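Undergrad: Take a look at this one; I'll ask things after.
Protein chains: 2
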Amino acid sequence: MDWKKIFPQFEPGLIEVIEKEAVQKNFKAGEVIMRTGQYIKSTALVLQGQIKIYRENPDGGEFLMYYLGPGQACAVSMICALQSETSEIMAKAEEDTEVLMIPVQLMDDLMNKYKSWYQFVIQTYRSRFDELLSVVDNIAFHNMDERLEFYLKRHADKTRKKTLELSHQQIADDLNSSREVISRLLKKMEQRNLVKLHRNMIELL
Amino acid sequence: MDWKKIFPQFEPGLIEVIEKEAVQKNFKAGEVIMRTGQYIKSTALVLQGQIKIYRENPDGGEFLMYYLGPGQACAVSMICALQSETSEIMAKAEEDTEVLMIPVQLMDDLMNKYKSWYQFVIQTYRSRFDELLSVVDNIAFHNMDERLEFYLKRHADKTRKKTLELSHQQIADDLNSSREVISRLLKKMEQRNLVKLHRNMIELL
DNA sequence: TAAGTGGTGTGATTTCTGTCACAGTGTGAG
DNA sequence: CTCACACTGTGACAGAAATCACACCACTTA
């Protein structure tokens, strides 16, 4: 896998260090990559696939915030002042996924030595921040029907498919809602000719 | 006003630049400091007072995300790749407030030259990010009664007063709810002996 | 083929929230 | 003092969403 093509902005020295220190890991679709509360040992650069980033509630719920695709990275793990910080978020593979794991001990050094890394971190933090702002918009200002439409469109975008292989229960979990509510809203969308419903599959029109 | 005491971590060279280039501004309580969509011309360092940061909805609503106090800074304005970016948020003075305005043109330069500035930016971004995560928690997992309690406690913390000078309408606006709902929930809190209600004032017990 | 499992459709009910309506009540301006 | 106005309390109602209950269907496995 030629990961250098996915991060073309990285400078030669940086590439060398990553080549030496980073480890590639693969995850199957559905696998949990990072749990809430777990110690952060490395930063993940996504090479292939899609990762979903969740916020978890102590008493049971989970809530999908955003996706990470090829060329993107987990913002939270890039700036760990302490070595012993724990994760505020949960990450799950949406598709089969390849990531490059870089030990957090290197972060400070990379930031100081490699301008291209520094810019990557800054840009990552900024775009994740903006994404969080739209998440807040979504739940603060919109009802479940609009949030569902947004969810389906985004999922189609990220997976580059118009037929979404999702059960109503999975959608309800991601939106922190309940299966019945989602089923009913989807039926309404079908009546408005926005989607066509099948078993374990939703077709966007 | 001796702002250097509020940012003791800044190194001498950085202090010199800020001294030369920054402008101090004062805002009265209630005044809007930055509007959504406005061009960002400078980054604000808070010296005194409290600033509330809002997310706005195109059709009317606003939603309080977090506060900025002395020693803190607006994360969004610190990393402006382009000179011509517009603000994604709205900022309003909660109390009478003093801020130091640093032109955004200097940002790149400061980041490269002054390690203490660089660390300040990184740390600012990180804490604002964490704060946004708890905002998401709040609205994704909690009902209005819990959100109201959180709101009151935080307001008391930030203003360092146990008697909050707020009308029910103001609270409703900050929570993107309605006055009647807040009135009723406050009454319930009063019955549970959590607060005592007065005109334009809420006493925390 | 029969039984079991997970996914889906749908009604009934309840809780939470937003909206409308309106009545008091404290405060400040004139 | 009195009038206007903003703030507060409350009832009635509507809609959104969660929950419970149950029927039905598609697919797998024995």
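Line order of the protein sequences matches chains H and R. To convert a position in the first sequence, counted from 1, into our numbering, add 119. To convert a position in the second sequence, counted from 1, into our numbering, add 119. Glycine included, each C-beta is placed from N, C-alpha and C at the ideal position. These figures come from a predicted structure and were not determined experimentally.
Counting only C-beta atoms, is G180 (chain R) closer than 8 angstroms to chain H at any point?
TA: Yes - at least one Cβ of chain H is within 8 angstroms of the one on G180 (chain R).
Undergrad: Only counting the same chain, and skipping five residues up and downstream in sequence, which positions put a Cβ closer than 6 angstroms to that of N145 (chain H)?
TA: Closer than 6 angstroms at the Cβ level, and outside the excluded window around N145 (chain H), lie E217.
Undergrad: In whole angstroms, what is the alpha-carbon distance linking D178 (chain R) and P189 (chain H)?
TA: Computed Cα separation, rounded: 35 angstroms.
Undergrad: Kindly confirm or deny that the segment 230-244 of chain H and the segment 202-217 of chain H touch, where touching means at least three C-beta pairs closer than 8 angstroms.
TA: Judged by Cβ distances under 8 angstroms, the segment 230-244 of chain H makes no contact with the segment 202-217 of chain H, as fewer than three pairs qualify.
Undergrad: Determine whether the Cβ of L133 (chain H) lies closer than 8 angstroms to any Cβ atom of chain R.
TA: Cβ-Cβ to chain R under 8 angstroms: no for L133 (chain H).
Undergrad: Using beta carbons (cut-off 8 angstroms, strictly below), is Y244 (chain R) in contact with chain H?
TA: Yes, Y244 (chain R) counts as interfacial toward chain H.
Undergrad: Using a Cβ-Cβ cutoff of 8 angstroms, what residues of the segment 241-267 of chain H are near chain R? List them in chain order.
TA: The segment 241-267 of chain H vs chain R, Cβ under 8 angstroms: I241, Q242, Y244, R245, R247, F248, D249, L251, L252, V254, V255, D256, I258, A259, F260.
Undergrad: Kindly indicate which residue of H:Q238, H:N262, H:R266, H:A212 has the alpha-carbon position closest to the one of I290 (chain H).
TA: Of H:Q238, H:N262, H:R266, H:A212, the residue nearest in Cα terms is H:R266.
Undergrad: Could you tell me the distance, in whole angstroms, from the CA atom of D256 (chain R) to the CA atom of L304 (chain R)?
TA: Looking at the two C-alpha atoms, the distance is approximately 20 angstroms.
Undergrad: Roughly how many whole angstroms lie between the Cα atoms of A192 (chain R) and A210 (chain R)?
TA: Approximately 12 angstroms between the Cα atoms of the pair.
Undergrad: What separation, rounded to the nearest whole angstrom, lies between the Cα atoms of R247 (chain R) and D292 (chain R)?
TA: Distance between the alpha carbons of R247 (chain R) and D292 (chain R) is about 22 angstroms.
Undergrad: Quick check: T162 (chain H) and I208 (chain H), are their CB atoms within less than 8 angstroms of each other?
TA: It is not a contact, given that the beta carbons lie outside the stated cut-off.
Undergrad: Taking the DSSP output, what are the residues bridged to R174 (chain H)?
TA: Paired residues: H:F182.
Undergrad: Looking at the strands, I want to know which residues DSSP matches up with P222 (chain H).
TA: Paired residues: H:S161.
Undergrad: What did DSSP end up calling H261 (chain R) once you bin it into helix, strand or coil?
TA: Reduced to three states, the DSSP call for H261 (chain R) is coil.
Undergrad: Would a C-beta distance cut-off of 8 angstroms place A259 (chain H) and I258 (chain R) closer than the cut-off?
TA: In contact: A259 (chain H) and I258 (chain R) (Cβ atoms closer than 8 angstroms).
Undergrad: Count the other C-beta atoms from every protein chain shown that fall within 10 angstroms of the C-beta of K169 (chain R), then say buried if there are 16 or more, exposed otherwise.
TA: Just to set this straight, residue 169 (chain R) is Gln in the shown sequence, not Lys. With 16 or more Cβ atoms within 10 Å of its Cβ, Q169 (chain R) is classed as buried.
Undergrad: Taking CB distances under 8 angstroms as the criterion, tell me whether I198 (chain R) reaches chain H.
TA: Chain H, which has a Cβ nearer than 8 angstroms to the Cβ of I198 (chain R), makes this yes.
Undergrad: Quick one: give me the first and last residue of the alpha helix (DSSP H) that E299 (chain H) is part of.
TA: From DSSP, the alpha helix (DSSP H) with E299 (chain H) extends over 298-310.
Undergrad: Along the segment 201-235 of chain R, what residues have a CB closer than 7 angstroms to any CB found in chain H?
TA: Going along the segment 201-235 of chain R in chain order, one finds E207 with a Cβ nearer than 7 angstroms to chain H.
Undergrad: Is there a Cβ from chain H that is less than 8 angstroms from the Cβ of N176 (chain R)?
TA: Closer than 8 angstroms to some Cβ of chain H, the Cβ of N176 (chain R) qualifies, so yes.
Undergrad: Report, in whole angstroms, the separation of the C-beta atoms of V254 (chain H) and I159 (chain H), which I expect to be a contact under 8 angstroms.
TA: The pair is not a contact, with the Cβ atoms about 21 angstroms apart (cut-off 8 angstroms).
Undergrad: Report buried or exposed for K171 (chain R), applying the criterion of at least 16 other Cβ atoms within 10 angstroms of its Cβ.
TA: By the neighbour-count rule (16 or more Cβ atoms within 10 Å), K171 (chain R) is buried.
Undergrad: Exposed or buried, what is A148 (chain R) when buried is set at 16 or more other beta-carbons lying within 10 Å of its beta-carbon?
TA: Classification for A148 (chain R): exposed.
Undergrad: Which residue's Cα is closest to the Cα of M197 (chain H): H:L225, H:R174, H:K139?
TA: Comparing Cα-Cα distances from M197 (chain H) to each of H:L225, H:R174, H:K139, the minimum goes to H:L225.
Undergrad: Starting from E138 (chain R), follow the alpha helix (DSSP H) in both directions and report where the run begins and ends.
TA: Per DSSP, E138 (chain R) belongs to the alpha helix (DSSP H) from 131-140.
Undergrad: Compute the distance between the beta-carbons of L285 (chain R) and I321 (chain R), then report whether it is under 8 angstroms.
TA: Yes.
Undergrad: Taking 8 angstroms as the cut-off, decide whether the C-beta atoms of L133 (chain H) and V165 (chain H) are in contact.
TA: Not in contact: L133 (chain H) and V165 (chain H) (Cβ atoms no closer than 8 angstroms).
Undergrad: Could you name the residues of the segment 286-319 of chain R whose beta carbon sits closer than 8 angstroms to any beta carbon of chain H, in the order they occur along the chain?
TA: Cβ contacts with chain H: N295.
Undergrad: Following the continuous beta strand (DSSP E) through A210 (chain R), name the residue where it begins and the one where it ends.
TA: 209-212 is the span of the beta strand (DSSP E), which, as asked, contains A210 (chain R).
Undergrad: From M129 (chain R) to L323 (chain R), what distance separates their C-alpha atoms?
TA: Going by the sequence as given, residue 129 (chain R) is Phe instead of Met. Straight-line Cα distance between these residues: approximately 38 angstroms.
Undergrad: How many Å lie between Y173 (chain H) and D121 (chain R) at the Cα?
TA: Distance between the alpha carbons of Y173 (chain H) and D121 (chain R) is about 43 angstroms.
Undergrad: Residues in the same chain with beta-carbon distance under 6 angstroms from K277 (chain H), minus the five sequence neighbours each way, listed in chain order, please.
TA: Around K277 (chain H): Q169, Y186.
Undergrad: Short of 8 angstroms Cβ to Cβ, which residues in the segment 181-195 of chain R face chain H?
TA: If the cut-off is 8 angstroms between Cβ atoms, the segment 181-195 of chain R has F182, M184, A194, V195 near chain H.
Undergrad: In this structure, what does DSSP give as the bridge partners for Q143 (chain R)?
TA: Paired residue(s): R:L219.
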